[in-house]
Ligand SMILES: [Zn+2]
């Protein structure tokens, strides 16, 4: 826990200290842990506090139609297009203080750094704190970045939380209207780019001794449900050679998933995270098992090939053990590549401040950037976090890393400005 220092200029320390400030009530809906769901009381208090910090940093602050906090640092001309910098302000239950929030705080520090130097750009900078990324209140996630990107589906707004409170009612508490929700959408021609700094939520940067990383893509994901059907029987009387044990078969399948996941590039991962055993009693040979399979990779084709291998391996195991196997695809999220031109600028910015060749990595976790990529080119900067721990109160970052990240963000914005001409950024068409 970092205590706020007397230092009142832009710094990584201040970004971290502010995340810590926001980690407790009244910025949390729980008294003894951090839980900041979308449109809760903690969210409201948080937006007031962030708005004050944005104003202090030289921005005008507003809450948009979807409940996102948006601070605008004007460009040299009032109707200039926008460079968006942001992340999310909501948390999971008993979450960490830096997941999402640190990216928002670093956005504010980035603007403050330039404002302290009196620097204006030929574009505006807006810092956005998305209200819902985690989906910890309503049964969807990234609702508010989808509103901003203009990619909401009709069914997205017919939502109620676990207590039966509808989205319309929750918005009403914020002075917002469901009918205007989709009006948070931004015009494509107004948004130059979206840049997000986020803790890695994984162990790679720490293990390899890098403070920062540049994200090349957000992984493609498949989620399957596998149902293995054997024959239940008495655990005392059914001879071993006559068994068709669904759980023993499933166990072999889990190991096959692990083996195939481990046989590809480092960003290929395959996980069985949930399993239900039927009937699930000690004295009955299991007759049916249902389990989940999650497969991710930075490149869709790599994920697809692994999923094909998993299908074949599981079918072989089922045939050899004479059990039934039913695989259902439940979720298919395509890979989201970050913009190559922006990522190159980010890599150069990281090199500017660290002097080292930047670590480039795939994000296995989803982020608002994957939604925002449907509106504008995106880039992501990862910060190392202690032990790779996230979605947990033990989440921690080093102040020095936050400072290095702030310096990389300001270097990025400076480089972004240099690519700019009256005709727009001097990126190739392919890079935009
Ligand atoms: Zn996050």
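In my numbering, the protein residues as written are 4 to 435. All residues carry an ideal CB built from backbone N, CA and C; glycine is no exception. As the structure is a prediction and not an experimental result, all values here were calculated from the model.
Annotation for residue 276: 295 place their beta carbon closer than 6 Å to its own, counting only its chain and skipping 5 residues before and after. Closest by C-alpha distance to residue 283, out of 261, 299, 251 and 269, is 251.
Excluding sequence positions up to five before and after residue 167, its CB lies less than 8 Å from no other CB in the same chain.
Between the segment 93–101 and the segment 17–25 there are three or more C-beta pairs closer than 8 Å, enough to call the two in contact. In the structure shown, the three-state DSSP call for residue 329 is strand. Annotation: the continuous beta strand (DSSP E) that includes residue 228 extends over 223–232. In the three-state reduction of the DSSP assignment, residue 172 falls in the helix class, which pools H, G and I. Taking 7 Å as the cut-off, one finds at least one heavy atom of ligand 1 near enough to the beta carbon of residue 136. For residue 102, the CB falls within less than 7 Å of some heavy atom of ligand 1.
Runs of the beta strand (DSSP E) spanning 3 or more residues and lying entirely within the segment 191–267 occur at 194–202, 215–221 and 223–232, in chain order. Here the distance from the Cβ of residue 201 to the nearest heavy atom of ligand 1 is below 7 Å.
By the Cβ neighbour-count rule, residue 328 is buried, with 16 or more other Cβ atoms within 10 Å of its own. The segment 24–99 is shown to contain whole beta strand (DSSP E) runs of 3 or more residues at 63–66, 72–76 and 85–91, in chain order. Spanning the alpha carbons of residue 274 and residue 95 requires a straight line of approximately 21 Å.
Taking a contact to require three or more Cβ pairs closer than 8 Å, the segment 355–371 and the segment 203–217 qualify as touching. Counted as a single uninterrupted DSSP element, the stretch harbouring residue 279 is not any alpha helix (DSSP H) but the beta strand (DSSP E) occupying residues 278–281. Closest by C-alpha distance to residue 143, out of 262, 112, 49 and 159, is 159. In the DSSP assignment, residue 14 falls outside any alpha helix (DSSP H) and carries neither an H nor an E.
Residue 124 holds the alpha-carbon nearest to the alpha-carbon of residue 420 among 245, 124 and 141.
Taken atom to atom, the span from the alpha-carbon of residue 303 to that of residue 337 is near 6 Å.
For residue 294, the enclosing beta strand (DSSP E) covers residues 291–300. Approximately 44 Å separates the beta-carbon atoms of residue 194 and residue 317; this is outside 8 Å, ruling out the contact. Annotation: the continuous beta strand (DSSP E) that includes residue 272 extends over 272–274. Residue 150 and residue 344 have their C-alpha atoms roughly 26 Å apart. In this structure, the beta-carbon distance from residue 154 to residue 57 does not fall below 8 Å. By the neighbour-count criterion, in which 16 or more other beta carbons inside 10 Å mark a residue as buried, residue 286 falls on the exposed side. For the set 92, 119, 331 and 210, the Cα lying nearest the Cα of residue 133 is the one of 92. The beta carbon of residue 368 sits closer than 7 Å to the beta carbons of 204 from its chain, once the five residues preceding and following it are set aside; these are given in chain order.
Look at residue 145 here: in three-state DSSP terms it is coil, with no helix or strand label.
Listed in chain order, the non-local C-beta contacts of residue 264 below 8 Å within the same chain comprise 271, 272, 273, 274, 298 and 309, local neighbours out to five positions each way being set aside.
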